[in-house]
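S.K.: Sharing a structure here in structure tokens format.
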């Protein structure tokens, strides 16, 4: 499989950034220093909003009917269609929310070491890879500084938000797929209010230490309560 990185025709750049190291594909923006979340979202080309609109059915008579149950998602910057059919209860989790997940770990915007981030396809799937500061511990005190924490999210209705630890530095579709096969302490949150992955799941599945969990509580509850 190819790298599948999104190429933004408006900016003339691939939607990917990496700190210091070039990826195997040699694409995207290479930065010298670890960026803040605000900088990382721009470096990676993830600074776009995703919107949802009802699908329209054209009848043989020429009449157009807007659906009450079938919707599509698209990028606000270039109007690329990301998902052709999502339900009315599908809730969009914006790229900025994905970065907020990491910032919430340390209770602010400093401390997380963003390694890579990018968008795949037309931007329907994103990934973020980071290193945790050395004072963060998981479970009974295991050191996770040698592992990456990553988050991947889809905007096309194809899957849940997934956050986990992996030994793999994600730089493309291939390495994302490999990480999804080789991950631990996994949390999955669906894009609907039916999701039951709340704070207790974060404790159980990721084995989060108390100090870690308290800082995560707000964002997990926000995602789980979506109507």
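In my numbering, the protein residues as written are 486 to 712.
Built from N, CA and C at the ideal position, the CB exists for glycine as well.
Taking DSSP as the reference, what is the three-state secondary structure of residue 675?
M.R.: On the chain shown, residue 675 is found 190 positions in, with the first residue counted as 1. In this structure, residue 675 counts as coil in the three-state DSSP scheme.
S.K.: Out of 510, 491, 651 and 519, point me to the one whose CA is closest to residue 533's CA.
M.R.: As a first step, residue 533 must be located in the chain shown, where it is residue number 48. Looking at the Cα atoms, 491 is the closest of the given residues.
S.K.: Let me check understanding here. Comparing Cα to Cα, which of 524, 554 and 487 lies closest to residue 570?
M.R.: Within the chain shown, the letter at position 85 stands for residue 570. Among 524, 554 and 487, the Cα nearest to that of residue 570 is on 554.
S.K.: What is the rounded straight-line gap between the Cα of residue 577 and the Cα of residue 558?
M.R.: As a first step, residue 577 is located in the chain shown; it is residue number 92 there, counting from the start. As a first step, residue 558 is located in the chain shown; it is residue number 73 there, counting from the start. Spanning the two alpha carbons is a distance of roughly 9 Å.
S.K.: Within 8 Å, do at least three Cβ pairs link the region 645-653 to the region 664-676?
M.R.: Yes: the two stretches touch, three or more of their Cβ pairs being nearer than 8 Å.
S.K.: Could you tell me how far apart the beta carbons of residue 562 and residue 641 are, in whole angstroms, since I believe they sit closer than 8 Å?
M.R.: Position 77 of the chain shown holds residue 562. Position 156 of the chain shown holds residue 641. About 16 Å; that fails the 8 Å criterion.
S.K.: Note down the Cα distance separating residue 599 from residue 616, rounded to an integer number of angstroms.
M.R.: Locating residue 599 in the chain shown gives position 114, where the first residue counts as 1. Locating residue 616 in the chain shown gives position 131, where the first residue counts as 1. Residue 599 and residue 616: Cα-Cα distance of roughly 6 Å.
S.K.: Whole-angstrom Cβ separation of residue 607 and residue 567, contact assumed at under 8 Å?
M.R.: Residue 607 sits at position 122 when you count from the first residue of the chain shown. Residue 567 sits at position 82 when you count from the first residue of the chain shown. Residue 607 to residue 567, Cβ: 6 Å. Contact.
S.K.: Assign residue 525 to one of three DSSP states: helix, strand, or coil.
M.R.: Within the chain shown, numbered from 1, the residue matching residue 525 stands at position 40. Reduced to three states, the DSSP call for residue 525 is helix.
S.K.: Are there 16 or more other CB atoms within 10 angstroms of the CB of residue 550, so buried, or fewer, so exposed?
M.R.: By 1-based counting over the chain shown, the position of residue 550 is 65. Exposed.
S.K.: Taking C-alpha atoms, which residue in 662, 552, 538 and 572 lies nearest to residue 611?
M.R.: Position 126 of the chain shown, counting from 1, holds the residue named residue 611. For residue 611, the nearest C-alpha among the options comes from 662.
S.K.: Which residue's Cα is closest to the Cα of residue 502: 636, 653 and 528?
M.R.: Counting from one through the chain shown, the residue named residue 502 turns up at place 17. Ranking the options by Cα distance to residue 502, first place goes to 528.
S.K.: Assuming residue 500 contacts residue 603 under a Cβ cut-off of 8 Å, what Cβ separation, rounded to an integer in Å, is found between them?
M.R.: Within the chain shown, numbered from 1, the residue matching residue 500 stands at position 15. Within the chain shown, numbered from 1, the residue matching residue 603 stands at position 118. Right, the Cβ-Cβ distance comes to about 5 Å (below 8 Å), so this counts as a contact.
S.K.: Note the first and the last residue of the continuous alpha helix (DSSP H) segment covering residue 658.
M.R.: Looking up residue 658 in the chain shown gives position 173. Taken as a continuous stretch (DSSP letters only), the alpha helix (DSSP H) holding residue 658 covers 658-666.
S.K.: What does the Cβ neighbour count give for residue 667, buried or exposed, with the cut at 16 atoms within 10 Å?
M.R.: Working through the chain shown from its first residue, we reach residue 667 at position 182. It counts as exposed.
S.K.: Output needed for residue 525: all residues of its chain with C-beta closer than 6 Å, excluding positions within five of it in sequence on either side, in chain order.
M.R.: Mapped onto the chain shown, residue 525 falls at position 40. Excluding residues within five positions, the ones whose Cβ falls inside 6 Å are 599 and 602.
S.K.: Pull up the distance between the alpha-carbon of residue 638 and that of residue 581, whole angstroms please.
M.R.: Walking along the chain shown from the start, residue 638 turns up at place 153. Walking along the chain shown from the start, residue 581 turns up at place 96. Between residue 638 and residue 581, the C-alpha separation is close to 11 Å.
S.K.: Going by alpha carbons, who is nearest to residue 516 out of 504, 510 and 509?
M.R.: Taking the chain shown and counting its residues from 1, the one referred to as residue 516 is at position 31. Checked all of 504, 510 and 509; the closest Cα to residue 516 is 504.
S.K.: In chain order, what residues of the same chain lie with their CB nearer than 8 Å to the CB of residue 572, ignoring the 5 residues before and after it?
M.R.: As a working mapping, residue 572 is identified with position 87 in the chain shown. The residues are 554, 555, 556, 642 and 677.
S.K.: Going by alpha carbons, who is nearest to residue 509 out of 519, 489, 579 and 497?
M.R.: The residue labelled residue 509 in the question sits at position 24 within the chain shown. When each option's Cα is compared against that of residue 509, the closest is 489.
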